[in-house]
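Counted the way mature numbering (1 follows the signal peptide of the UniProt record, and there is no 0) counts, the sequence shown spans residues -25 to -1, 1 to 614. Backbone N, C-alpha and C define an ideal beta-carbon position, used for all residues, glycine too.
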Amino acid sequence: MDRRSVKLNISLLLFFFFLSSSSTAYSLAQTNAQIKKSSLVPKENPFTVKASLVRYWNKQISNKLPKPDFLFSKASPLSAVEAAFFTNLATQKSLSDHVSSLCSSAKLLCFSNSKADIDKTPKKDADFAVYSNKKFANYGSARLGGGDNFKNYSDGINFASGEFTKYSRSSTGHREDFASYAADGNVATGNFTSYAAGATGGAGTFQNYMPRVNVPDLRFASYDSDGNNHKLTFKSYVGDTNSGREFFISYAKNGNGVPAEFATYGDTSNVIGSSFNGYGESGNAANDSFKAYSSNSNNPNNNFKNYGSGGNSGIDSFESYRDSANAGTDTFTSYARGSSSSKVNFLNYGKSFNEGKDTFKGYGTQGAKFPTVGFKVYGVNNSFKEYSPKGVNFAGYTKKTAPTGGSLKTSGKRVNRWVEEGKFFRESMLKEGTVMKMPDIRDKMPGRSFLPRTISSKLPFSTKELTELKAIFHAQDNSTMEHVILNALAECERAPSPGETKRCVGSIEDMIDFAVSVLGHNVVVRTTDNVAGSKGDIMIGKVKGINGGRVTQSVSCHQSLYPYLLYYCHSVPKVRVYQADILNVVAKTKINHGVAICHVDTSSWSPGHGAFVALGSGPGLIEVCHWIFENDMTWAMAD
C-alpha cells in the first residue's frame, strides 16, 4: 500500500470517528436536556391517597381500560400528612377532639353547634326576608300585638337550621308568618319548643313550609301549650319532601279554643313520619282540621298517641286524609281518652291506592263521655281494638277486594302523582328516535368525599356502637345528625332481599372489593355523564347494550346520607345494562350520555312498588328500567 493510500484511510477513519463523536455528543446533549426538562415536572407523591388508590385499582382490576375519573374524583382530598395524622387519631380513638378539622380538610358533612343570636325583645314588627340559620330563642316573648314575617327563610341552602325556642311566648295578639320557609333545602331542621306557650289571640301561619326538602326534621314540643285562641295554620307543609320526621309533642296542651288547621300537609311526599304525642291533651274546645293530610304520599307513617286525651268539646276533622296515598301506616293510641263530648269526623280517610294499615287502640274509650265519631268512606285493612261501642258511625266503609288477573288496576294519572314521570320506563323505550320524559336525575345530596380506608376502617359503624359514633361526630340526642346516622345504619343493617347481596362502603377500596367479589376482576363502572335533559323531554340517540345486550349481573351503588361519602351497593341479578346518547328533542344534538339498567325479573318486588304504580302492572309481569342518576353508578363485567 503506498503512502497516499495510507493517508486516505487515515482520513476516512478520522471522518467516521468525528461523526461518531458528534452523534454521541448530540445524544448526550439530548438526554441531558430531557433529564433537565423532566426534573422541572413535579412527580405525584406516591404516598397520597389518590396515588395509593391508583395502585390498588391496578392490583384489583385486570383490564387496562381508562380509569373512571368520576369515581376517582370522590377520593379523599387529604394530603399524605393529614391522612397519616387522622389515621393515628382514629387508631387511638381520639378523633372526636379534632372532628372539626377533619370535616373541613376531608370534605365531610358536619353540623356546627354555633348559631347567631337575634335580639330577643324586638320593639317593632320584623321582616326576615332571604334570611338563614339563626337562633330565635325567646324572640317575641310577651309581645303585645304586631307581627313577624319570615319570607324565603333559608331557601335553597343545605342544612337549613332554625331554632325558635320559646318564640312568641306569653304574647298577646302576636302574628307569625312563615312563608316559603327552607324551600328546596337539604336536611332542614326546625325546633319550635314551647312556641307560643301561653299566648293569647294572634295567629301563626306556616305556608309552603319546607317544600321539596330532603330529610326535614321538625320538632314542635309543647307548641301552643296553655294558649288561648291562638290560631295555627299549616298550609302546604313539607310538601314534595323526601323522608323526614315531624314531632308534635304536647302540642296545644291545656289550650283554650286553640284551632289548628293542617291543609295539604305532607302532600305528594315520600315516607313522611309524623308523631302527635299528647296533642291537644286536656284542651278546651280545641278545633283541629286535617285536610288532604298525607294525600298522594308514598308510605306515610303517622302516630297519634294520647291525642285529645282529657279534652272538652274538642272537634277533630280528618278530610281526604291519606287519600290516594301509596300504602301508609297510622296508629291512634288512646285517642280522645277521658274526653268529654269530643267530635271526630273521618271523611275519605285512608283511601290509599295500595292498602295501608291503620290501628285504633283504646280509641274514644277509657272514660270518654258522649263521644261522636263518624267514619265516612273509610279505607281497608284497619284494626279497631277496645273501641267505644257508643257514638260511632261507619258509613261507606270500604271492603277489601282481591285484584283480578294478577295485575294492579289503576285509574291513571291520579294514583301516579307521587311517582315522577319518566322515573321508570319499559325496555322498548330504549330505541333510537324515542322521545320520552327524563326525571330529575340531579344529585340532591350534600357534597362529600370518601374517607381513606385507613381511617374509615377504624371508625365504628353499627347501631350497637351508636354512642361512640355520636361522640365522634358531636351528634346530640334527637338531633338531625343522630337522625342522619340512624337512617344510614338502619338501611345498611337491613337484611338483604331474596337473591340480593349488599354492602355499605365508605371508601373506594371497599367498593372495588365488593364489585370484584360479585363480578370478578374484569369489571367496568359507569354512570350518566351529566344532568343535561333532567326534568325535560329528551330524544334517545344511539343505544348500546352492555355485554351484547345479554341478561347479566351488575352491582349498583347508591349514595346514602352520612357524614362522609357512603354508598349502598348491592348485586342486581338478571338485568340488561344500556348506554344511550341523549339528544335535544328540537336540535337533535347530543347533550348527555346516559346509563340505564333494566330489571328483567321483578317477581320479588312489592306490589306497591312505584314502578308498578307508574307503569300499571305487578310483580313478575313486566321488566322495569330506570336511569342511573347523577353520582350513582353501576358495575358490570367488561365487554
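**Asked** Based on Cα-Cα distance, which residue from A65, E475, S454, H496 lies nearest to K39?
**Response** One-based indexing of the sequence shown puts residue 39 at position 64. Of the candidates A65, E475, S454, H496, the one whose C-alpha sits nearest the C-alpha of K39 is H496.
**Prompt:** In whole angstroms, what separates the C-alpha of E151 from that of T208?
**Reply:** Counting from one through the sequence shown, the residue named residue 151 turns up at place 176. Counting from one through the sequence shown, the residue named residue 208 turns up at place 233. CA-CA distance, E151 to T208, rounds to 10 angstroms.
**Prompt:** Taking the alpha carbon of residue 636 as the point to measure from, which residue in N567, I521, I557, L558 has its own alpha carbon closest?
**Reply:** Outside the shown range of the chain (-25 to 614) lies residue 636, about which nothing can therefore be said.
**Rounded straight-line distance, which links the Cα of G524 to that of L541** = Here residue 541 is taken as the residue at index 566 of the sequence shown, counted from 1. Here residue 524 is taken as the residue at index 549 of the sequence shown, counted from 1. Cα to Cα, L541 sits roughly 30 angstroms from G524.
**Request:** Determine the direct distance from the alpha carbon of I460 to that of K68, and round the result to whole angstroms.
**Result:** Here residue 68 is taken as the residue at index 93 of the sequence shown, counted from 1. Here residue 460 is taken as the residue at index 485 of the sequence shown, counted from 1. C-alpha separation (whole angstroms): 19 angstroms.
**Prompt:** Mind checking whether A450 and M456 have CB atoms under 8 angstroms apart?
**Reply:** Within the sequence shown, the letter at position 475 stands for residue 450. Within the sequence shown, the letter at position 481 stands for residue 456. Yes. Within cutoff.
**Request:** From the DSSP output, in three-state form, read off A558 for me.
**Result:** Here residue 558 refers to the residue found at position 583 of the sequence shown. Reading the sequence as shown, one finds Leu at residue 558 and not Ala. Assignment of L558 by DSSP, reduced to helix, strand and coil, places it in the strand class.
**7 angstroms Cβ shell around G516 - same chain, five flanking residues per side excluded** = For the purposes of this step, residue 516 is taken as residue 541 along the sequence shown, with counting starting at 1. Closer than 7 angstroms at Cβ, skipping near neighbours: E407, A555, D556, I557, L558, K565.
**Message:** Using a 10 Å radius around the Cβ and a threshold of 16 neighbouring Cβ atoms, would you call S482 buried or exposed?
**Reply:** For this step, residue 482 is matched to residue 507 along the sequence shown. Burial check for S482: the Cβ neighbour count within 10 Å reaches 16 or more, so the residue is buried.
**Message:** Starting from A574, trace the beta strand (DSSP E) in both directions and tell me its first and last residue.
**Reply:** The residue you call residue 574 lines up with position 599 of the sequence shown. For clarity, residue 574 is His in the given sequence; the question names Ala instead. Element bounds for H574: 565 to 574.
**Message:** I'd like to check one pair, F22 with A65: are the Cβ atoms closer than 8 angstroms?
**Reply:** What you label residue 65 is simply residue 90 of the sequence shown in a count that begins at 1. What you label residue 22 is simply residue 47 of the sequence shown in a count that begins at 1. Taking 8 angstroms as the Cβ cut-off, A65 and F22 do not qualify as a contacting pair.
**Message:** Can you find the residues in the same chain that come closer than 6 angstroms, C-beta to C-beta, to I603, ignoring five residues on each side of it along the sequence?
**Reply:** Walking along the sequence shown from the start, residue 603 turns up at place 628. T502, T503, V570, T609, listed in sequence order.
**Request:** Quick one: measure Cβ to Cβ for F47 and K82, integer angstroms, because I've assumed they're closer than 8 angstroms.
**Result:** In the sequence shown, residue 47 corresponds to position 72, counting from 1. In the sequence shown, residue 82 corresponds to position 107, counting from 1. About 14 angstroms separates the Cβ atoms of F47 and K82, ruling out a contact at the 8 angstroms cut-off.
**Message:** Alpha carbons only, please: which of M420, K549, G511, S535 is nearest the one belonging to Q528?
**Reply:** Here the question's residue 528 lines up with position 553 in the sequence shown. Residue K549 holds the alpha-carbon nearest to the alpha-carbon of Q528 among M420, K549, G511, S535.
**Asked** Which value, in whole angstroms, describes the spacing of the CA atoms of Y31 and C467?
**Response** Residue mapping note: residue 31 aligns to position 56 of the sequence shown, counting from 1. Residue mapping note: residue 467 aligns to position 492 of the sequence shown, counting from 1. A straight line joining the alpha-carbon of Y31 with that of C467 spans about 25 angstroms.
**Request:** On a CA-only basis, which of S431, G595, S403, E440 is nearest L77? Give me that one, please.
**Result:** To locate residue 77, count along the sequence shown from 1; it is residue 102. Measuring from the Cα of L77, the nearest candidate turns out to be S431.
**Item:** A589 versus K412: straight-line alpha-carbon distance, rounded
**Value:** Walking along the sequence shown from the start, residue 589 turns up at place 614. Walking along the sequence shown from the start, residue 412 turns up at place 437. Looking at the two C-alpha atoms, the distance is approximately 13 angstroms.
**Message:** For A611, count the other beta carbons within 10 Å of its own beta carbon; 16 or more makes it buried, fewer makes it exposed. Which is it?
**Reply:** Indexing the sequence shown from 1 puts residue 611 at position 636. A611 is buried by the Cβ-count criterion.
**Message:** Quick test of your reading: R401 and E598, contact by CB under 8 angstroms. State the CB separation rounded to the nearest angstrom.
**Reply:** For the purposes of this step, residue 401 is identified with residue 426 of the sequence shown, where counting begins at 1. For the purposes of this step, residue 598 is identified with residue 623 of the sequence shown, where counting begins at 1. Between E598 and R401 the Cβ distance is about 7 angstroms, and since that is below 8 angstroms, they are a contact.
**Between the CA atoms of K519 and C85 - distance to the nearest angstrom** = The sequence position of residue 85 within the sequence shown is 110, counting from 1. The sequence position of residue 519 within the sequence shown is 544, counting from 1. C85 and K519: Cα-Cα distance of roughly 41 angstroms.
**Request:** Note down, in chain order, each residue of its chain lying with its Cβ closer than 6 angstroms to the Cβ of residue 616, except the 5 sequence neighbours on either side.
**Result:** In the structure displayed, the chain extends from -25 to 614; residue 616 sits before or after that span and is not available.
**Prompt:** Starting from residue 616 and walking both ways along the beta strand (DSSP E), at which residues does that stretch end?
**Reply:** The structure shown has nothing for residue 616, since the chain only spans -25 to 614.
**C-alpha distance - V561 paired with S509, whole-angstrom precision** = Here the question's residue 561 lines up with position 586 in the sequence shown. Here the question's residue 509 lines up with position 534 in the sequence shown. Between V561 and S509, the C-alpha separation is close to 15 angstroms.
**Asked** Tell me, which residues are paired with S546 by DSSP?
**Response** By 1-based counting over the sequence shown, the position of residue 546 is 571. According to the DSSP secondary-structure assignment, S546 is paired through a beta bridge with V530.
**Request:** Can you grab the Cα-Cα spacing for the pair N63 / P427, in whole Å?
**Result:** Looking up residue 63 in the sequence shown gives position 88. Looking up residue 427 in the sequence shown gives position 452. So the two alpha carbons sit approximately 12 angstroms from each other.
**Item:** Limits of the unbroken beta strand (DSSP E) element including H458
**Value:** As a first step, residue 458 is located in the sequence shown; it is residue number 483 there, counting from the start. Unbroken run through H458 is the alpha helix (DSSP H), 455 to 468; no beta strand (DSSP E).
**Item:** C-alpha gap between P41 and V29, whole angstroms
**Value:** The count along the sequence shown starts at 1 and reaches residue 41 at position 66. The count along the sequence shown starts at 1 and reaches residue 29 at position 54. Roughly 11 angstroms separates the two Cα atoms.
**Asked** How big is the Cα-Cα spacing for I513 and A613?
**Response** Position 538 of the sequence shown, counted from the start, is the residue given in the question as residue 513. Position 638 of the sequence shown, counted from the start, is the residue given in the question as residue 613. Looking at the backbone, the Cα of I513 and that of A613 are separated by about 28 angstroms.
**Request:** Could you say which of T429, S531, P594 lies nearest to E605 if we only look at CA atoms?
**Result:** Start at 1 with the first residue of the sequence shown, and residue 605 comes out as number 630. The shortest C-alpha separation from E605 is found at S531.
**The beta strand (DSSP E) enclosing V480, as first and last residue numbers** = What you label residue 480 is simply residue 505 of the sequence shown in a count that begins at 1. Boundaries of the beta strand (DSSP E) around V480: 477 to 480.
**Request:** Output the distance between the C-alpha atoms of D452 and V480, rounded to the nearest integer angstrom.
**Result:** Taking the first residue of the sequence shown as position 1, residue 452 is located at position 477. Taking the first residue of the sequence shown as position 1, residue 480 is located at position 505. Straight-line measurement puts the Cα of V480 at about 26 angstroms from the Cα of D452.
**Asked** Could you give the distance in angstroms between the alpha-carbon of S80 and the alpha-carbon of P52?
**Response** Walking along the sequence shown from the start, residue 80 turns up at place 105. Walking along the sequence shown from the start, residue 52 turns up at place 77. Approximately 7 angstroms, taken between the alpha carbons.
**Top-ranked residue by Cα proximity to F45, from V499, H73, S535** = Position 70 of the sequence shown, counted from the first residue, corresponds to residue 45. Of the listed residues, the one whose Cα sits closest to F45 is V499.
**Message:** Quick test of your reading: P473 and S579, contact by CB under 8 angstroms. State the CB separation rounded to the nearest angstrom.
**Reply:** One-based indexing of the sequence shown puts residue 473 at position 498. One-based indexing of the sequence shown puts residue 579 at position 604. Confirmed, about 5 angstroms.
**Request:** Could you tell me which residues DSSP pairs with D512 in its beta bridges?
**Result:** Mapped onto the sequence shown, residue 512 falls at position 537. Its beta-bridge partners are K412.
**Message:** Within 10 Å of its beta-carbon, does S424 have 16 or more other beta-carbons around it, so buried, or fewer, so exposed?
**Reply:** Translated into the one-based positions of the sequence shown, residue 424 becomes position 449. Classified as buried, S424 has 16 or more neighbouring CB atoms from the shown chains inside 10 Å of its CB.
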